[in-house]
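Worksheet: the structure to be examined is printed underneath.
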Amino acid sequence: MEEKKTLYSGMQATGALTLGNYLGALKNWVRLNEEYDCFFGVMDLHSLTVRQNPAEFRQNARKLYALYVAAGLDPEKNCVYFQSHVSAHAELAWILNCFTYVGELGRMTQYKDKSLKHADNVNAGLFTYPVLMAADILLYQAAVVPVGIDQKQHLEITRDIAERFNKIYGDVFTIPDAYFGKHSAKIMSLADPTKKMSKSDENTNSHILLTDDKDTIIRKFKRAVTDSDTVVRYGEDKPGISNLMDIYGSVTGKTHEQIEEEFSGRGYGDFKLAVGEAVADELAPLQADYERLLKDKAYIDECIKKNDDRARYVSNKTLRKVKKKIGLTEV
Ligand code: ATP
Ligand code: LTN
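In our numbering, each residue's number is its place in the sequence shown (first place is 1) plus 7.
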């Protein structure tokens with residue numbers, strides 16, 4: 008049997024997840040998980056670039072782990088683990104820092120955005136964030152990295168670092184490809200469809216949380232900002248409706264044409280209600296599983312332990328190879 012290629016992805020362990028995180032990333036992870044040998048990290052080291060309250064942080068990281076599992080990532084089949092439990096990430100990140108230029112890091116738009124947003128704490132971690140991300144991916148020799156479009160630049164720098172290293176030392180790292188969902192790589196805010204849906208948006212009507220109940224979901228979609236037209240049609244001139252069509256299509260599997268046909272002659276009210284119901288129905292089983300898993304501490308602990316071990320084993324193979332290639336001594 009042909010060996011499966013490796014898939015790697017993860018999310019920062021901060022706060023609740025939005026429908027953007029789910030459709031842009033998590034749902035694709037679940038969709039692809041049979042096809043690849045998968046590693047999914049709770050990226051708690053990345054979260055440290057923003058000051059965290061320790062007690063909340065600990066809780067949020069465990070909640071994220073439970074959400075991964077509730078969304079359908081079976082921890083018996085996928086390696087679902089904590090980044091900070093595997094020291095190879097921090098070690099390789101240091102080494103790769105020495106193969107990354109200050110100039111290229113300064114061009115990262117996420118760095119520019121976040122340093123404006125957290126102007127009182129523009130720490131070096133925020134700057135070298137993409138190098139740690141490169142280490143995450145390269146340690147597992149990942150071929151595919153499913154993420155939202157906002158991570159495109161980070162994938163490009165990961166490839167550049169890997170190619171630079173390989174050019175000097177031979178084929179040490181697999182060069183990863185980004186994977187973006189067809190219509191879900193950038194889900195937009197419900198309050199302003201020209202902006203990305205983001206959990207850090209203060210307006211809670213702008214985003215759906217994965218933990219929102221059905222009434223809340225339906226209410227938020229009802230209020231979603233659209234245009235003054237009444238026709239459900241996809242187009243650049245209709246960002247609000249196009250975003251809702253992307254969401255509805257990602258959840259139901261329907262194409263834009265099928266959606267336009269389904270709602271032809273019906274108003275926005277009907278369409279918004281259908282989107283709300285479809286999203287709520289999609290999230291209901293995930294929410295039930297999530298509640299159950301949060302109470303099952305022993306099961307989650309056991310999964311974490313087992314998968315941390317596997318992640319350590321796989322990542323250390325690459326780290327040993329890297330150390331040997333660059334001439335770090337061994338006894
Ligand atoms: P913030 O709200 O602070 O910008 P975030 O929601 O982008 O954070 P991350 O942990 O940075 O959270 O993202 C996790 C994953 O979800 C990444 O793969 C990211 O590309 C994806 N993602 C986040 N928001 C969206 C969105 N609106 N549409 C599609 N994918 C998204
Ligand atoms: N920067 C990513 C989270 C992340 C990640 C990774 C994603 C950290 N390391 C490795 C894919 C692969 C984000 O979503 N903000």
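Just so you know, even glycine gets a beta-carbon here, dropped at the ideal spot from N, CA and C.
Q) Taking 7 Å as the cut-off, is the CB of Gly31 close to at least one heavy atom of the ligand ATP? A) Along the sequence shown, read from residue 1 onward, the residue named residue 31 stands at position 24. Taking 7 Å as the cut-off, the C-beta of Gly31 counts as close to a heavy atom of the ligand ATP.
Q) What's the call for Pro153, buried or exposed, on a 16-neighbour Cβ count within 10 Å? A) Counted from its first residue, the sequence shown places residue 153 at position 146. Buried, because 16 or more other Cβ atoms sit within 10 Å of the Cβ of Pro153.
**Q.** Collapsed DSSP secondary structure at Val129 in the structure displayed
**A.** Your numbering for residue 129 matches position 122 in the sequence shown. Note: Val129 maps to coil in three-state DSSP.
Q: Find out if the Cβ-Cβ distance for the pair Ile254, Thr233 is shorter than 8 Å.
A: Looking up residue 254 in the sequence shown gives position 247. Looking up residue 233 in the sequence shown gives position 226. In this structure, Thr233 does not lie closer than 8 Å to Ile254 by Cβ.
Q: Report the three-state DSSP secondary structure of Leu55 (helix, strand or coil).
A: Residue 55 sits at position 48 when you count from the first residue of the sequence shown. Leu55 carries a coil assignment under DSSP once its states are collapsed to helix, strand and coil.
Q. Okay, do the stretch 294–303 and the stretch 254–274 touch, 3+ Cβ pairs below 8 Å being the bar?
A. Touching, no.
Q | Ile224 classed as buried or exposed, judged by whether at least 16 other C-beta atoms fall within 10 angstroms | A | Within the sequence shown, residue 224 is the residue found at index 217, counting from 1. Buried, because 16 or more other Cβ atoms sit within 10 Å of the Cβ of Ile224.
Q. Near Glu139, which residues of its chain fall below 7 Å by C-beta distance, leaving aside the five closest residues on each side in sequence?
A. Sequence index remark: in the sequence shown, residue 139 carries index 132 (1-based). First, the residue type needs correcting, since residue 139 is Leu and not Glu in the sequence shown. Excluding sequence neighbours, Leu139 sits near Leu52, His53, His96, Ala100.
Q: Using 7 Å as the cut-off, classify the Cβ of Ser213 as near or not near the heavy atoms of the ligand ATP, replying yes or no.
A: Walking along the sequence shown from the start, residue 213 turns up at place 206. Relative to the ligand ATP, the beta carbon of Ser213 is positioned no closer than 7 Å to any heavy atom.
Q) Per DSSP, Pro153 is paired with what? A) Walking along the sequence shown from the start, residue 153 turns up at place 146. In DSSP, Pro153 forms a bridge with Tyr186.
Q. Name the DSSP bridge partner or partners of Val87?
A. Indexing the sequence shown from 1 puts residue 87 at position 80. Beta-bridge pairing links Val87 to Phe47.
Q. Ends of the alpha helix (DSSP H) at Thr116?
A. Position 109 of the sequence shown, counting from 1, holds the residue named residue 116. Looking at the DSSP string, the run of the alpha helix (DSSP H) that includes Thr116 is 116–124.
Q) Does the beta-carbon of Pro61 have 16 or more other beta-carbons within 10 angstroms, so that it is buried, or is it exposed? A) Counted from its first residue, the sequence shown places residue 61 at position 54. Around the Cβ of Pro61, a 10 Å sphere holds fewer than 16 other Cβ atoms; the residue is exposed.
Q) Just curious, the alpha helix (DSSP H) that Gln294 is in, first and last residue? A) The residue you call residue 294 lines up with position 287 of the sequence shown. Element bounds for Gln294: 275–302.
(Q) I'd like to know whether the C-beta atoms of Glu108 and Val87 end up nearer to each other than 8 Å. (A) In the sequence shown, the residue the question calls residue 108 occupies position 101. In the sequence shown, the residue the question calls residue 87 occupies position 80. According to the sequence as given, residue 108 is Tyr; it is not Glu. Pairing Tyr108 with Val87 gives a Cβ-Cβ distance that is not under 8 Å.
**Q.** CB-CB length for Tyr118 against Ser322, believed under 8 Å
**A.** Residue 118 sits at position 111 when you count from the first residue of the sequence shown. Residue 322 sits at position 315 when you count from the first residue of the sequence shown. Tyr118 to Ser322, Cβ: 25 Å. No contact.
Q. Are the beta-carbon atoms belonging to Tyr43 and Lys84 less than 8 Å from one another?
A. Residue mapping note: residue 43 aligns to position 36 of the sequence shown, counting from 1. Residue mapping note: residue 84 aligns to position 77 of the sequence shown, counting from 1. No Cβ-Cβ contact shorter than 8 Å links Tyr43 with Lys84.
Q.
Do Asp157 and Tyr15 have their beta-carbon atoms positioned less than 8 Å apart in this structure?
A. Taking the sequence shown and counting its residues from 1, one reaches residue 15 at position 8. Taking the sequence shown and counting its residues from 1, one reaches residue 157 at position 150. The Cβ-Cβ distance between Tyr15 and Asp157 does not fall below 8 Å.
Q. Just reading off the beta strand (DSSP E) that Tyr15 is part of, what are its end residues?
A. Indexing the sequence shown from 1 puts residue 15 at position 8. Tyr15: member of the beta strand (DSSP E) spanning 13–19, first to last residue.
**Q.** His214 versus Lys121 - alpha carbon distance
**A.** Indexing the sequence shown from 1 puts residue 214 at position 207. Indexing the sequence shown from 1 puts residue 121 at position 114. Straight-line Cα distance between these residues: approximately 19 Å.
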